[in-house]
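Okay, so here's the structure we're looking at.
Number of protein chains: 2
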Amino acid sequence: MKATLMYGAGDVRVENVADPVIQEPTDAILRVVRTCICGSDLHPFHGLPEMEHGVHTGHEAIGVVEEVGSAVKDIKVGDFVVAPFAFSDNTCEICQAGFQTACPHGGFYGNPGDRGAFQAELSVVPQADGSLVKVPGVDPETASEELLASLLTLSDVYLTGYHAAYMAEIKPGQSVTVVGDGAVGLSAVLAAKQMGAEQIILMGRHQARTDLGREFGATHVVSERGEEGIAKVLELTGGFGSHAVLEAVGHMPAYTQSVGVVRPGGIISRVGVPQYEEAPVGFMSLFGKNARLAGGPAPVRQYLEQAIQDVLDRKINPGKVFDRTIALDDVPAGYKAMDDREALKVMVNPAL
Amino acid sequence: MKATLMYGAGDVRVENVADPVIQEPTDAILRVVRTCICGSDLHPFHGLPEMEHGVHTGHEAIGVVEEVGSAVKDIKVGDFVVAPFAFSDNTCEICQAGFQTACPHGGFYGNPGDRGAFQAELSVVPQADGSLVKVPGVDPETASEELLASLLTLSDVYLTGYHAAYMAEIKPGQSVTVVGDGAVGLSAVLAAKQMGAEQIILMGRHQARTDLGREFGATHVVSERGEEGIAKVLELTGGFGSHAVLEAVGHMPAYTQSVGVVRPGGIISRVGVPQYEEAPVGFMSLFGKNARLAGGPAPVRQYLEQAIQDVLDRKINPGKVFDRTIALDDVPAGYKAMDDREALKVMVNPAL
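Protein sequences, first through last, are from chains A and B.
Residue numbering for the first sequence follows UniProt numbering, starting at 1 and increasing by one per position.
Residue numbering for the second sequence follows UniProt numbering, starting at 1 and increasing by one per position.
Structure follows, in structure tokens:
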């Protein structure tokens, strides 16, 4: 089969490799219907050390189950499923509490990794019963591109934005600031809108993206950054700042901006993977104003059934974050297009 | 009148000074019935630079209103009140949301400061209507020492522990770890018990204090610190850690310990004033396990009516944290006793 491997920063190759096989009785093999490139794939694309053998890439997919291990009971061959970007048993105390990305029997696949790397024709999914969720009543052969795109976002990007909003405990009527106009930030706007936020301020400066942000529900766009951006948001919020700040970038300036625009008692919810370990949390930043810090890798599995239903009911159409569809062979060019910000988010159709 | 002033680290003096006067129409003058020394008073006691004029100290009091400014409507001369350690208008959007310590028209008094410094016979309270809360049906002249002690804790220490528990969103049946066996930590144990925590692990090593912690509801005491202490708590919590961690110290080792013992998705709630500005919050500390960080200066005013009622109903007896009562003249010795950990918390009776 064809699969994508990364051999170092900027070095992405599509190669013919052996088909994956069931290794654990809880595994399933997925034929990938659609996969995509994630903003977080750009981190190794920038920084992966050069290596001889390469690592398999990709962690987002919808697909059809080709084979299941002997212990897989709920997921059947032929099921059309969404695969969360992390696997989990979905039965332990941590999963039941809704934090499947911290499941002691789970983990992150792909990016990098050799089990469950989805930028390929086929992939192994560990803990298939605890991870995969069937999409009821949809045949991927006849489904619209729009529907497939929206279902694919439930693997990571939309539900990561949703997780930001969920952990920020957004209540109807509140003011929300979203930091970052990437696909996750725009998803966070859409999720905040779903939760009834009254004011949604999107901090971003790429017009095509902020235009989609407005379509998703942003009431204001602030293109200024740093102190200037903070002043603008404070002005829009009566001097207080927002109840919820959804941070979808992961770099320190986005954190600093979030601290500046969160109101006393408000919540900063981060889903951009932090590219720092230490940050200000003392009296002058979080503590003095009782601001809270939340967020982490989205437990997509927790939100998946409801989100699939919302997509099927056309309540949300998060697939609009994709602005390009390519074949597997073009994945290296897709990385470059996202890195150059020519593309917002690139979908991959292995059948092309 | 007699008042306490600090002239530098370790230099606390009780002096005769002019009686305070009403300066703003929203001020009231309070005759202090009981005040006390706070763990946070020990920070300037350790680090205040030497100064010529000294600063007035103290921020916790119960007292009787002697005089009110022309704009004070609800609080009357003769009222027996609890004074929160911060003042607030209690009408603005931030106060109404329950974060009075961040009121844009409020502030912290005492410690250091010359308005509302309570280690004195008399003190000015700014924003009297928004800050003071009357204790119904109690005459401080005839009330028991036990009742006065418990009411005094509502000025700061008990409700600061309560705030830690409240912001940690403790639910019945949960596991809670309290870091620190000072008066705030013990108060946090009591508050966690009130909220229905099933397992309360107190991390502390002073037996007299941990004994009171057990009386307040601690089910386990862990005297080990650092990695050893973390391992002990993980062992007591099935390897997962606690749902809520109440950090009542403020130093970096307490933060690190809190990160180590919080379970995935759990909340670290800090009320120990951080003696650091930066701390680990990235993938390896908070983000990876979706742990949350909450807390700040307790909005005592928000919790005060209910807490006064709970004390009057004898539902809680937080005054047990006081293990000594002294006269104003003995305040310098009181600081030393707390600093030497001879005393857990020192009450001051200006009438002695």
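Just so you know, even glycine gets a beta-carbon here, dropped at the ideal spot from N, CA and C.
- If the cut is a Cβ gap below 8 Å, which residues of chain B does A/Pro-297 touch? Phe-287, Gly-288, Asn-290
- Task: Could you spell out the range, first to last residue, of the beta strand (DSSP E) harbouring B/Leu-5?
- Result: 2-8
- Query: Can you tell which of A/Leu-286, A/Ile-75, A/Asp-156 has its C-alpha closest to the C-alpha of A/Lys-345?
  - Reply: A/Asp-156
- Short CB-CB distance (under 7 Å) between B/Asn-111 and chain A: Legend: pLDDT at B/Asn-111 = 48, less than 50; position of this residue unreliable, no value from coordinates given.
- Item | Length of the line joining the Cα atoms of A/Glu-93 and B/Ser-223 | 27 Å
- Query: Which of helix, strand or coil does DSSP assign to B/Val-271?
  - Reply: coil
- Item | Members of the stretch 209-240 of chain A near chain B, C-beta cut-off 8 Å | Gly-238, Gly-239, Phe-240
- A/Pro-332 (DSSP reduced to helix, strand or coil): helix
- Item | Check: B/Glu-141 C-beta below 6 Å from any heavy atom of the ligand FMN | Annotation note on the ligand FMN: not contained in the displayed structure, which lists no ligands.
- Message: Applying the 10 Å Cβ sphere with the 16-neighbour rule, what's the burial state of B/Asn-111?
- Response: Reliability fails at B/Asn-111, whose pLDDT of 48 lies under 50, so the model's placement of it is uncertain and no value is given.
- Message: What does the alpha-carbon distance come out to for the pair B/Ser-123 and B/Ala-248?
- Response: 28 Å
- Query: To the nearest angstrom, how far is it from the Cα of A/Glu-277 to the Cα of B/Gly-266?
  - Reply: 19 Å
- How would you call B/Ala-165, buried or exposed, if buried means at least 16 neighbouring beta carbons within 10 angstroms? buried
- With distances taken Cα to Cα, identify the nearest neighbour of A/Leu-186 among A/Val-77, A/Met-1, A/Leu-30, A/Gly-319. A/Gly-319
- For B/Phe-80, does the three-state DSSP call read helix, strand or coil? strand
- What residue range is occupied by the uninterrupted beta strand (DSSP E) comprising B/Leu-246? 242-247
- Would you mind working out which of A/Val-245, A/Arg-115, A/Ala-149, A/Gly-10 sits nearest A/His-59, comparing C-alpha positions? A/Arg-115
- Message: Under 9 Å, CB to CB, which of the residues in the stretch 306-325 of chain A have a partner in chain B?
- Response: none
- Message: With a threshold of 7 Å between beta-carbons, can B/Ala-97 be considered close to chain A, or not?
- Response: yes
- Query: When the distance is taken between beta carbons, is B/Leu-202 closer than 7 Å to B/Val-184?
  - Reply: no
- Message: Could you tell me the alpha carbon to alpha carbon distance between A/Glu-146 and A/Gln-275, rounded to whole angstroms?
- Response: 33 Å
- Query: Ends of the alpha helix (DSSP H) at B/Gly-161?
  - Reply: 157-167
- Query: Is there at least one Cβ from chain B nearer than 7 Å to A/Pro-280's Cβ?
  - Reply: yes
- Message: Less than 7 Å between the C-beta atoms of A/Pro-264 and B/Ala-102, yes or no?
- Response: yes
- Message: Check for me: the beta strand (DSSP E) holding A/Gly-63 runs from which residue to which?
- Response: 61-68
- Item | With 16 other Cβ atoms within 10 Å as the buried cut-off, status of residue 353 of chain B | The structure shown has nothing for residue 353 of chain B, since chain B only spans 1 to 352.
- Item | Separation of A/Ser-40 from A/Gly-47, as counted between CA atoms | 12 Å
- Would you mind telling me which residues of chain B sit closer than 7 Å to A/Glu-93, beta carbon to beta carbon, in chain order? Phe-240
- Item | Backbone secondary structure at B/Asp-11 - three-state DSSP | strand
- Query: Do the CB positions of B/Phe-118 and B/Gly-106 come within less than 7 Å of each other?
  - Reply: no
- Item | Anticipated Cβ contact below 8 Å, B/Gln-302 with B/Gln-100, distance rounded | 6 Å
- Item | Where A/Glu-141 meets chain B, residues with beta-carbon distance less than 8 Å | Under the 8 Å cutoff, chain B gives no residues; its nearest Cβ is about 37 Å from A/Glu-141.
- Item | C-alpha gap between A/Gly-295 and A/His-163, whole angstroms | 7 Å
- Task: Indicate the three-state DSSP secondary structure (helix, strand or coil) for B/Lys-134 in the structure shown.
- Result: strand
- When DSSP labels each residue in this structure, what does A/Pro-264 get in the three-state scheme? strand
- Task: Provide the residue span of the alpha helix (DSSP H) that contains A/Gly-47, from first to last.
- Result: 42-47
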